[in-house]
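For reference, the structure is listed below as structure tokens.
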Amino acid sequence: MSVAVNNGNTGLAVNFYGNTGLAVKIYGNFSVAVNFYGNSGLAVDFYGNLRIAVKFYGKSIPAAKKDGCELRRAPSSSAGDMLAFQTSFREHTADIPATQNGTHFTASAEKLRKLVRDGPLHLADLKQAPEHFFEAHKILSEYATQVGPGFGIRFTVQYNLFAGTILGLGNEKQVAALSDMQAQGQLGCFCLTERLAGVNSGLVVDTTCTWDEGKQQYLLHCPSEGAYKNWISQGLTADLAVVVANLIVKGKRHGPHAWVMQLRRDGKLVEGVTADDMGDKTIGNDLDNARISFNKVWLPKDSLLDKYTGVENNDYVQRVPGINNMDMIGQRLYTGRTVIAASTLVFARTLFKSSKHYSDNKRCWDPKGSIALSDIPQLSLLYSSADKEFSKIEALSDLVEHGLAECLKNDIIPSNKLVEQVAVLKVKAIETTIKLCFKLKQELGSYALMSGTGFEKMDYLQCCKFAEGDSRILMQKISRDRLSAFSKKPVGTAKEAEVCTELGTKLMTGGKTAWNTNWKLVYGLAEVVMDRVMEEAIAGNQSKL
1 MSVAVNNGNT GLAVNFYGNT GLAVKIYGNF SVAVNFYGNS GLAVDFYGNL RIAVKFYGKS
61 IPAAKKDGCE LRRAPSSSAG DMLAFQTSFR EHTADIPATQ NGTHFTASAE KLRKLVRDGP
121 LHLADLKQAP EHFFEAHKIL SEYATQVGPG FGIRFTVQYN LFAGTILGLG NEKQVAALSD
181 MQAQGQLGCF CLTERLAGVN SGLVVDTTCT WDEGKQQYLL HCPSEGAYKN WISQGLTADL
241 AVVVANLIVK GKRHGPHAWV MQLRRDGKLV EGVTADDMGD KTIGNDLDNA RISFNKVWLP
301 KDSLLDKYTG VENNDYVQRV PGINNMDMIG QRLYTGRTVI AASTLVFART LFKSSKHYSD
361 NKRCWDPKGS IALSDIPQLS LLYSSADKEF SKIEALSDLV EHGLAECLKN DIIPSNKLVE
421 QVAVLKVKAI ETTIKLCFKL KQELGSYALM SGTGFEKMDY LQCCKFAEGD SRILMQKISR
481 DRLSAFSKKP VGTAKEAEVC TELGTKLMTG GKTAWNTNWK LVYGLAEVVM DRVMEEAIAG
541 NQSKL
């Protein structure tokens, strides 16, 4: 496509959708805006005085630098910018309800490959345009009542867990490689969770990766079946993997680190790697989940994601003092929990909307004729109360997304307050949507048993409950963190102080089993903290109105 303007003083706007080359030639004094959606080479020739703004929504190859004017990937913050992204992303995913319902996981993987290649969202946008990253997940979640969670999970594994870990922990060369991965439509998986580290076990990493001085390589190995990587989404189709293992240098363990590795070449697993299907699930069978093992797999020296720590001259080095490598790996869990929470809210909103459309048009007998099912008192109350509860959690979701976006753009570790808000958001969103969607199901009778209503996809919420941190584990973390903070500085709401004092006293006198013995108090403290965080979020949201 070529656009040429020969003379005159005016403004030129070019909106381009497609995969091709774009050339814009300008002769005169102009203000130029080029919005580009697709994979392309871009050439702009300048013959005069002008202002130019080029925004890329895809994989692009800028080739324009004349008279000191350089084109750069523009940040995404304006309303118009977000609208353009939403339009582009919806166009690229509009076929999902028709093509991804009940499809085989290989077809689902191919859909993601195409979406990655087409580039409405760049693999680097988690850092460059995090607002687009969050919005993309919400759009995909709108389809969940029709197709289930499979494609959405596949998407977040690709962009958050796989690419996001490379963005967060990788050096410049490793981050730059994301562009080539995107151009080729390569898929990645994230190998963290192990067989003996289920949702109630916390984070346990027994897989090892040992530095070999002679070979100048790393040896990746699972010492037991318990160390096999478990429930690895996209594990049967991925070309690449980010693997988390304990780094061993000169016999000393340095804790969990991350490596990026070739998992398959030409569709075949590399030597020493096995991948077994986890089997059929109640939902989401369009997503492949694998149990992956590593038996003495050699990895090259440059496979370690070494922005913060690495191996130099056969010694372990800390490149950035005070940065815990596991904390940086954990950043992906914060973004993951946030998009999961938002997805449950979108799922619930979509289910309630379609159900209300049905009940508004469903007539029921009444002594004076008939009334709409929606006007039955208990159902009417459920619709209104659910709307209020969802709105409260959405206020916290907006607050968290804004906070995380700033951290991602500026490479900042989230504050303790933001980490607490993320945990509260995930628990409240999931537990509330499960509760209210189940209540709705009970009120709609046989309609809720029909295929295509969305109720048959409710195990989607079960997936969200334990993914990236089970609700119970997160509640225990909230309580532990609050107790720790209270012991250093006994401040907070009166109720929090009361529960902290009671639980703290019992823990000091109850011995090793005190935590489990007083589990009701543990979860009770978490509930009190979550109530306070929710109230603060609502108050902050109202202050902006």
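Numbering (the UniProt record's numbering), first residue to last: 1 to 545.
Think of the CB as a built atom: it goes at the ideal place given N, C-alpha and C, for glycine as much as any other residue.
* To do: Round the Cβ separation of residue 167 and residue 126 to the nearest angstrom and send it over; I've been treating them as touching at under 8 Å.
  => 6 Å
* To do: Have a look at residue 244 and residue 399 and give me their C-alpha separation to the nearest angstrom.
  => 30 Å
* 7 Å Cβ shell around residue 379 - same chain, five flanking residues per side excluded -> 359, 373, 443
* To do: Taking the CB atoms as reference points, tell me whether residue 273 and residue 211 lie closer together than 8 Å.
  => no
* The beta strand (DSSP E) with residue 364 in it runs from where to where? -> 363–366
* Buried or exposed: residue 130, going by 16 or more other Cβ atoms within 10 Å of its Cβ? -> buried
* Asked: What did DSSP end up calling residue 512 once you bin it into helix, strand or coil?
  -> helix
* **Backbone CA spacing between residue 240 and residue 266 [nearest angstrom]** => 11 Å
* **DSSP-derived helix/strand/coil call for residue 208** => strand
* If residue 124 sits next to residue 178, beta carbons under 8 Å apart, how far is it from one beta carbon to the other, in whole angstroms? -> 6 Å
* For residue 91, which of 103, 140, 102 has the nearest alpha-carbon? -> 140
* Helix, strand or coil: which one does DSSP assign to residue 69? -> For residue 69, the predicted structure reports a pLDDT of 30, less than 50, and the residue's modelled location is therefore unreliable. A value from the coordinates is still provided. Residue 69: strand per DSSP, three-state reduction.
* Asked: Hey, would you say the C-beta of residue 348 is under 7 Å away from at least one heavy atom of the ligand HEM?
  -> In the structure shown, the ligand HEM is absent, as is every other ligand, since no ligand is present at all.
* To do: With DSSP collapsed to three states, give me the class of residue 431.
  => helix
* Asked: Hey, out of 183, 473, 336, whose CA is closest to residue 134's CA?
  -> 336
* On a CA-only basis, which of 228, 474, 188 is nearest residue 333? Give me that one, please. => 474
* Asked: Pick from 422, 365, 528, 287: whose alpha carbon is nearest that of residue 101?
  -> 287
* Closest by C-alpha distance to residue 307, when choosing among 411, 531, 488 -> 411
* Please list, in chain order, all residues of the same chain as residue 237 whose beta carbon is under 8 Å from its beta carbon, the five residues on each side excluded. => 105, 106, 109, 187, 288
* To do: Using alpha carbons as the reference points, say which of 260, 481, 423, 314 lies closest to residue 304.
  => 260
* Report the partner residues of residue 315 according to the DSSP bridge assignment. => 312
* **Coarse secondary structure for residue 300, derived from DSSP in three states** => coil
* Asked: Between the Cα of residue 282 and the Cα atoms of 299, 150, 116, 234, which residue gives the shortest distance?
  -> 150
* Run through DSSP, which three-state label would residue 417 get? -> helix
* To do: Please report the residue range of the alpha helix (DSSP H) in which residue 89 lies.
  => 79–93
* Smallest Cα separation from residue 262: which of 320, 252, 242? -> 242
* **Under the three-state DSSP convention, the category residue 372 falls into** => strand
* Asked: Can you name the start and end residues of the alpha helix (DSSP H) that residue 460 belongs to?
  -> 459–466
* Would you say residue 432 and residue 478 are within 8 Å of each other, going by their C-beta atoms? -> no
* To do: Drop a sphere of 10 angstroms on the beta-carbon of residue 505, count the other beta-carbons inside from all chains shown, and report buried for 16 or more, exposed for fewer.
  => exposed
* Burial state of residue 357, where buried means 16 or more other Cβ atoms lie within 10 Å -> exposed
* For residue 222, does the three-state DSSP call read helix, strand or coil? -> coil
* To do: Can you give me the start and stop residues for the beta strand (DSSP E) that residue 396 sits inside?
  => Taken as a continuous stretch (DSSP letters only), residue 396 belongs to no beta strand (DSSP E), being part of the alpha helix (DSSP H) at 377–410.
* To do: Please name the residue in 502, 325, 115, 464 whose C-alpha comes closest to that of residue 344.
  => 464
* **Collapsed DSSP secondary structure at residue 120 in the structure displayed** => coil
* Contact set for residue 457: own chain, Cβ-Cβ below 6 Å, skip 5 residues either direction -> 145, 148
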